[in-house]
Structures are given as structure tokens and as C-alpha cells.
Amino acid sequence: MTQPTKGIDRRQMLAGAGLTAAAAATGGIATAAQATDATMAGWDHDCDVLCVGSGAAAGTAAVTALAAGAKVMMVEKMPLLGGTTAKSGGVTWIFNHFIFREQGIADPKADALRYTVRYGYPRQYNPGSPTLGLDENRYRVVEAFYDHGSAAVDHLRALGAVQFKQFRLFQVDKPAPDYADHLPENKVPTGRALEPAVGSGSSQGGGSLASQMHAWLKAKGVPIMTRTRVTKLIKDASGRVIGAEAVQGGKTIRIRAAKGVVFGTGGYSHNVQLCDVHQPAVYGSCSLPGSTGDFIPIAQEAGAMMGNMGLGWRTQVVLGEALQTRGIGLGAFVLPGDSMILVNKYGKRVVNEKRDYNDRTQAHFWYDPAHEEYPNHLMFMLFDQRSIDAFGGAFPFPVNKAEQPHLIEGQTWDEVFARIDAQLAGWQDRTGGVRLAQEFAENAKQSITNFNAYAKKGVDPEFGRGKYLYDREWHLLFSARRAGTTQPENPHPNNTMHPFAAKGPYYAIVLAPGTLDTAGGPQINANAQVLAANGQPIPGLYAAGNCIAAPTGQAYLGAGGTIGPAVTFGYIAGAHAVSA
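Counting from 1 along the sequence shown, just add 639 to a position and that's the residue number in the numbering used here.
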């Protein structure tokens, strides 16, 4: 088994940002006296490695540690296992994986690192720097993702815990393009995404990935306890984490973990207080309700260095749905339709509507200093009868219009615009008072006229819609034609663009920023050890997945861009905890 590298260069470390006192008050770490008392009083459970959470990160850590000979336990605070991984498609994005090697496709490390840093840290990226412009620690973390990602997948396969196959877009039967396939640093722009070899697909993939790990662990006799929420860490006199306290059935239990505790507990999308501070524009999230950021105050009280707390995996959400329930069923991932555009409160297009969800959603956050506002805070998806008929059922388009309660319809654009503003009026106390600007109707009609001309020529000079492979091929996946549609195939040169109909009815849906989950939290090193504020590892404390500052920065590198690092750093954590 390939082992993670031991040790890090401690001369250069990331400076951390603190959290609010109110956030810290929700959890903590046992004092030295409490640790001594716990040791004297004994433990309710005993293991070598305690894995907290039950998604891809914690599951991989548990499998890896057990295979290395450790006694392992897993605890999950929710009643069901799998976390947000179980709700996902289960796609796992990995450099230089076994299928590439079998096919003779080279995925060299130097190019891979340049792609990751260019995409994930564009403000720091310096191709002439030995660390590509990053501080030493963050560079080593990115490097560890490349060095150990394929080994993690190979290890799961060799153990029989999970088998993988290449994720392909079934409409074109091709490997999926990366989300920034067009960047010159990306030398292998398709094919890095894997998925479970059995139970794959958007409805089962993540559930299959997680459940296969759970089944393997259970077959080996690993205790897995649900409804068990870790609340405190326990340290010995030297400052090493040796266990944790958890609440189970209203009672506090102590779990000894002689070699380490690994957290894989997800982000904090459903912690409104933390989001108000660090993610003020999150209206809804696809993550499960357990994503409340439990690890953040626990790690902070342990003295952890905080990485970038503002990171998140973004998606647009239907605002009306998110205002009713923060935990939404689906995000507006790749927007369907070809006769469809997005405009802001001024009626202007501001983004390529076919970009991936993570990048496209960030267009909501632009601040206009001339008017002291966020003009793109909400966006308005405008489309015609062709798009809703041809692509009905591709979210957020309904098959039957009654299925989408937040659909706005009118026989003319002026009717649609008036109804948008009326809808906004009912929500303005929850959206910062967003209303349509006086010039919205005029600008929106001009945006539609411009778009119609672009669609006929097949070229979008404003935002490059359909220029790159990602736009065209992912459009086929998320704009699958509805069975029984009477609409003809798009005859125009760019399959992502079709002129709007000259007559109504016309439609709109109000979109807002949301998350798949947040991706900010404590900073780890290349061994998945949580760093203290002084840059040194906290002995015995590991973390992976969405509960840490994302190893890839702001980049969602491709389909599976969250699960790939979660699996990799779960593997690193499990292996290092056993060998340290």
C-alpha cells in the first residue's frame, strides 16, 4: 500500500482566520483535568482510529485504517449512514487513475498541479514559482491529492471495498469533460471522473459508494453507531488527541482512540449562524440536514488553524423553493434549454448560462462599488415555450407546468416581467429588498434580441456560450429531450443556443445562490493532519472532506470534484494515523 509522506516543511504555513465566539460556544474540547478524569474513569468504547461521519471521507479512512491492522470505530450523528455522499451521484474525480494507466494515457504530475492551482487559486498562481505561487503547506496539500488519489482508488479496489469504472456521458458515450477543460494548463481535459462500478447513476451512485464501504466494514466487524454526535475531543498530558466524547441517546459516552480521530463530518450549509458570517448568500443547499459544521468549533477549541472559511461548492437554487426549506432537493446544476438566458435585476446577461454550477453561481457575488450593491444577487431565468416543451423534466423545467410552483408565465414579456417583480415584492424582506430596476424591461428585451442574433450565428461574443467542449456535451446530459416533444431538433450551429420564439407564452424562474455544501474549515497538511494555529500538526487529529478548507481551493475540477479529494484525504488520514 502506498503510504502518505510523513512530515511537512514547518517553516511556511498558512495564517488562519478565527471564528466568532458564538460559533465556538456550540462545542469544544475537554480540559486537561477532564482528560485525566476520563482516563482514570475508563472508557465506554476503545479503538485505535475513530472515524466521525459516514460519507466518502470517513468511510475511506475507516477502510484504510482497518486494512492496515487498526481497530476501527465509526460514529454518525444522523439516523442514516452516508451523509451528503449518499445523496450525490457518487462520482469521484481522480488524477492518473487506473483506467488511464490501462489505456496508456499520461496524466503527468507537473501539468496536473498547474491545472489545479491555476483553477483553484487564480490570484496566487505563478507558473514560475516552485510552489506555483502557493505557500509551502497548501502546495504540499495539492501535491498530496495528485500523489495519493489514484493509490486511494486502487486500494479500495484491491480490498474489494469499492469497484470503479469511468464516468461517461451516456448521450455521447464519451468520458466526461472537466469543468475547465479549456484551460491551457489542463493537458488531459476528459476522463478523470470515476463512478461506482455497480449502483452507478445520479439516483444511486453516492449511496452505492458509501453503502459498499459500510458493507465492507460491517463484514469485518467494525462497530458503526448512528445517532451519536461527537461533541468534544480528549487530549492526554502531552496534547495528543486520544479520544472523544459523544452524545448518544441523551447520554455522554467516551470513546478512546489510541492512534487518532478522523473527522469527515461535512460542511456547515445548514448552520445559519455560521453562514451569516462566512456564506451570507447561501439561500439553500443540497447537503443533508446534518451539515451543520460540528467540527468547526470542536477544532477551534482544539487550537486549530482556520483555512478559508468562505469556500463552498456552489449551485444556483430556485429561490422560492429555498425560502420554503433550506434543504432543497435539487440544485439548478447545468441549466436546461437552448432558448434560455439569465439576466440580472437590470435585465442584462452577466454569465455564460451553460458554465458549470460551481463557477456560474459565483457570478452572483460581484459587487458594484459605484452603486453599493450586488446587482447579480438574484438572477432571472428567461425562456420560451420551445425550451419548456423540448426539455421539460430537466430541472428546474417541469414536465407539467403545475409541478413547478415557482414558474412565472405570461403571454408577453411585459406580463412576465410584471409578475417577476410582484413575486420579488413578496420576498423583499428576505432578499435585501431586491426588485427589478426601472430599465429592466428595456434591457431584457435587448438582451433577448442580442441572444437571438448570437444563436443564429452560433457564436456568443459576450460570454462564449457553447465555445468549449464542457458546454456542448454537458448540455446534452442536462438538456435531454422530453419524450413526446413536438419541438424540432436545434438546427443552429451551436447546440446550446436557439432563438426565442417571436410569440409567447414566455416563462421565468427566479434563481439564487446556494451550495452543494460549504468547503471551508480548519487547515490540514499533506498528511491530513489538522494544523494548530502555530502551523504544527495537532497530534492524533485528522480531517477530510467538506469539513476542512478545500484542498483544491475554489476549483471544482470536474464531476466528482468534492468526492475525489474526500476519498484521497480520507485514505491519507487512515494510513497516517495507523503508521504515525
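Each residue gets a CB set at the ideal place from its N, CA and C atoms; glycine is no exception. For clarity, every value in this text was computed on a predicted model and none was experimentally measured.
Contacting residues, own chain, Cβ-Cβ under 6 Å from residue i (five flanking each side not counted)
i, result
"F739", "D746"
"M652", "With a pLDDT of 25 at M652, under the threshold of 50, the predicted position of this residue should be treated as unreliable, though the coordinate-derived value follows. Excluding sequence neighbours, M652 sits near N776 and G1174."
"P1190", "V780, F784 and P1204"
"W1113", "V973"
"V901", "C690, A700, Y1181 and A1212"
"G666", "Interpretation of G666 is limited by its pLDDT of 38, a score under 50 that renders its predicted location unreliable; no figure is taken from the coordinates."
"N1099", "According to the sequence as given, residue 1099 is Asp; it is not Asn. Same-chain partners within the cutoff: Y1093."
"G759", "T1191, G1192, Q1193 and A1194"
"A897", "D687"
"A969", "Note that residue 969 corresponds to Leu in the displayed sequence, not to Ala. Counting only Cβ-Cβ distances below 6 Å, and skipping sequence neighbours, we find F1034."
Span of the alpha helix (DSSP H) around residue i
i, result
"W1113", "L1108 to F1117"
"W1052", "W1052 to W1066"
"L1170", "Looking at the DSSP string, L1170 is not in any alpha helix (DSSP H); the run it does join, the beta strand (DSSP E), is Q1168 to L1170."
"L950", "Counting along the chain, L950 falls outside any alpha helix (DSSP H), and DSSP gives it neither H nor E."
"I738", "F737 to Q742"
"G1203", "I1202 to S1218"
"Q912", "V911 to H917"
"P835", "Looking at the DSSP string, P835 is not in any alpha helix (DSSP H); the run it does join, the beta strand (DSSP E), is A832 to P835."
"I1087", "F1079 to K1096"
"D774", "Premise fails: D774 is in no alpha helix (DSSP H) and is neither H nor E."
"I935", "F934 to E940"
"V756", "K748 to G759"
"Y1181", "Element bounds for Y1181: not the alpha helix (DSSP H) but the beta strand (DSSP E), P1176 to A1182."
"I1027", "Q1024 to A1029"
Proximity winner among the options, relative to residue i (alpha-carbon distances)
i, options, result
"G708", "C686, Q1193 and V957", "C686"
"D915", "T1157, G1199 and T1000", "T1157"
"L1288", "R1069, A797 and V756", "The structure shown does not extend to residue 1288, since the chain is modelled only from 640 through 1219, so no value can be given for it."
"G929", "P919, V911, A941 and M945", "V911"
"R1025", "G976, E992 and G1072", "G976"
"E1054", "R1121, K1084 and P1132", "K1084"
"N997", "Q1126, V956 and S693", "V956"
"I744", "V1149, N735 and L872", "N735"
Buried or exposed (CB count within 10 angstroms, at least 16 for buried), residue i
i, result
"W952", "buried"
"Q1050", "exposed"
"A1061", "exposed"
"K804", "exposed"
"E1081", "exposed"
"F806", "buried"
"R757", "buried"
"L719", "exposed"
"G767", "exposed"
"F1030", "buried"
"A674", "Confidence at A674 is low in this model, with a pLDDT of 44, below 50, so its placement is unreliable and no value can be given for it."
"G1152", "Contrary to the premise, residue 1152 reads as Pro rather than Gly in this sequence. By the neighbour-count rule (16 or more Cβ atoms within 10 Å), P1152 is buried."
"T770", "buried"
"L1021", "buried"
"A671", "Confidence in A671 is poor, its pLDDT being 41 and thus under 50, which makes the residue's placement too unreliable to answer from."
"H1010", "exposed"
"T891", "exposed"
"Q1162", "buried"
Where the beta strand (DSSP E) containing residue i begins and where it ends
i, result
"Y1146", "Y1145 to T1157"
"V702", "Not the beta strand (DSSP E): V702 falls in the alpha helix (DSSP H), residues A695 to A706."
"R895", "K890 to F902"
"R868", "T867 to K874"
"E960", "Not the beta strand (DSSP E): E960 falls in the alpha helix (DSSP H), residues L958 to Q963."
"A883", "V880 to Q887"
Beta-carbon proximity check, residue i vs residue j, cutoff 7 Å
i, j, result
"V702", "A800", "yes"
"T903", "A1165", "Reading off the sequence shown, one finds Gly at residue 903, where the question assumed Thr. No, they are not a contact pair."
"A700", "G1197", "no"
"D1023", "P1014", "no"
"G1097", "N1134", "no"
"A1167", "M944", "no"
"A1147", "I1047", "yes"
"A704", "L798", "no"
"M852", "G1065", "no"
"I1177", "A883", "no"
"I980", "F1019", "no"
Same chain, Cβ closer than 7 Å to residue i, five either side skipped, listed in chain order
i, result
"N825", "Y754, D817 and A819"
"R965", "H909, G923 and S924"
"Q1043", "P1035 and P1037"
"A1216", "V688, A704, K898, G899, V901 and Y1181"
"N765", "L771 and G772"
Beta-carbon contacts of residue i that lie in its chain and below 8 Å, excluding the five residues immediately before and after
i, result
"T829", "K813, P814, A815, P816, D817, D820 and L1108"
"I1202", "A695, T724, S727, G729, V730, T731, W732, G845 and L848"
"G1072", "none"
"M1221", "As shown, the chain starts at 640 and ends at 1219. That puts residue 1221 outside it, with no answer to give."
"R796", "F737, Q802 and F803"
Proximity test, Cβ basis, 7 Å: residue i and chain B
i, result
"S768", "Looking for chain B here will not work: only one protein chain is present."
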